[in-house]
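Residue numbers (this note's numbering): 80 to 179.
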């Protein structure tokens, strides 16, 4: 086996580990209701925080708040996925991995 291939594989593994660590330290925030509901995830898509402004809370209309939370969460998931693709793209681009 070509020693250069093994060296490149080790370098790729190190770069991947570094990117994974960085993604865990970065956050994205999804919003709904003009920012009245905010959901924060890390770069891996793991939940970090939720923020709900008082204006979004109506005891007589809980369904709207539930919808806003869902929309904000989906927005945050999309942003986390985009962040991951942006960070991994240059690394995975040369490997022919679909979706990057």
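Every residue gets a Cβ at the ideal spot worked out from N, C-alpha and C, and that includes glycine.
Quick caveat, the model's predicted, so the values are computed rather than measured.
Restricting attention to beta strand (DSSP E) runs no shorter than 3 residues, the segment 100–130 encloses them at 106–111 and 116–121, ordered along the chain. In the three-state scheme derived from DSSP, where H, G and I count as helix and E and B as strand, residue 146 is classed as helix. Going by C-alpha positions, residue 109 is about 11 Å away from residue 121. Comparing alpha carbon positions, the residue from 162, 160, 103 and 154 closest to residue 129 is 154. Residue 116 counts as buried, since at least 16 other C-beta atoms from the protein chains shown sit within 10 angstroms of its C-beta. The beta-carbon distance between residue 101 and residue 166, rounded to whole angstroms, is 7 Å. This is short enough to meet the 8 Å contact definition.
Counting the other CB atoms within 10 Å of its CB gives residue 136 a total below 16, which places it among the exposed residues.
In this structure, residue 84 sits away from residue 111, with a CB-CB distance that is not shorter than 7 Å.
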